[in-house]
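Trainee:
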Amino acid sequence: MANPFVHVELNTNDVAKAKSFYGKLFDWKLEDIPNDAAGGTYTMIGVGEGTGGGLMKNPMPNAPSMWLAYVLVDDIEASTKKAKSLGGKVMKEVTEVMNMGWLSIIVDPTGAMLGLWKAKPRAK
Numbered sequence: 090m091a092n093p094f095v096h097v098e099l100n101t102n103d104v105a106k107a108k109s110f111y112g113k114l115f116d117w118k119l120e121d122i123p124n125d126a127a128g129g130t131y132t133m134i135g136v137g138e139g140t141g142g143g144l145m146k147n148p149m150p151n152a153p154s155m156w157l158a159y160v161l162v163d164d165i166e167a168s169t170k171k172a173k174s175l176g177g178k179v180m181k182e183v184t185e186v187m188n189m190g191w192l193s194i195i196v197d198p199t200g201a202m203l204g205l206w207k208a209k210p211r212a213k
């Protein structure tokens with residue numbers, strides 16, 4: 090698959106309640122890491138096998154809590170522009186995420202939100 094789903098993120102209005110719920114519901118490893126962009130802390134979700142993710146305080150005021158999937162792309166700038174040219178809307182322009190990579194968030198013509206992700210090359 091050329092563009093796999095690589096990360097699933099919960100943007101929640103109650104981080105503590107979400108961590109308690111999912112920590113008891115599933116056998117996930119929840120690891121807090123400092124992140125100013127995520128309101129101070131970002132919680133990585135380790136699922137073992139399969140696509141992992143994270144959870145953070147919802148950065149969109151008055152928006153409901155929601156899960157957002159991210160798709161891996163080779164060129165984040167080009168993919169974001171292409172989505173817009175195909176009738177999508179860019180909700181968040183290309184943004185660097187710590188030392189990990191870059192993301193953008195788009196909405197397709199049907200109203201569905203999707204994240205795009207480009208990982209930084211790993212040091213050898």
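The numbering of the sequence shown is the numbering used here, which starts it at 90 and goes up by one.
Built from N, CA and C at the ideal position, the CB exists for glycine as well.
Computed from a predicted structure; not experimentally measured.
Quick one, which of Phe94, Thr199, Ile194, Gly204 has its alpha-carbon nearest Gly141's?
Mentor: Residue numbering aside, residue 141 sits at position 52 when the sequence shown is read from its first letter. When only C-alpha atoms are compared, the closest one is Phe94.
Trainee: Cβ of Met180 within 8 Å of Cβ of Ile165?
Mentor: Within the sequence shown, the letter at position 91 stands for residue 180. Within the sequence shown, the letter at position 76 stands for residue 165. No.
Trainee: The beta strand (DSSP E) that contains Pro173, what's its start and end?
Mentor: Against the sequence shown, residue 173 aligns to sequence position 84. The residue asked about is misnamed: residue 173 is Lys in this sequence, not Pro. Not the beta strand (DSSP E): Lys173 falls in the alpha helix (DSSP H), residues 165-174.
Trainee: Contact criterion: CB-CB distance below 8 Å. Does Leu205 meet it with respect to chain B?
Mentor: Among the chains of the structure shown, chain B does not appear; only one protein chain is present.
Trainee: Could you give the DSSP three-state label for Ser193: helix, strand or coil?
Mentor: Numbered from its first residue, the sequence shown carries residue 193 at position 104. Strand, per DSSP.
Trainee: Going by other Cβ atoms of all chains shown within 10 Å of its Cβ, with 16 needed for buried, is Met187 buried or exposed?
Mentor: Position 98 of the sequence shown, counted from the start, is the residue given in the question as residue 187. Counting Cβ neighbours within 10 Å, Met187 comes out exposed, since fewer than 16 surround it.
Trainee: DSSP beta-bridge partners for Trp156?
Mentor: Indexing the sequence shown from 1 puts residue 156 at position 67. According to DSSP, which records beta bridges pairwise, Trp156 is partnered with Leu99.
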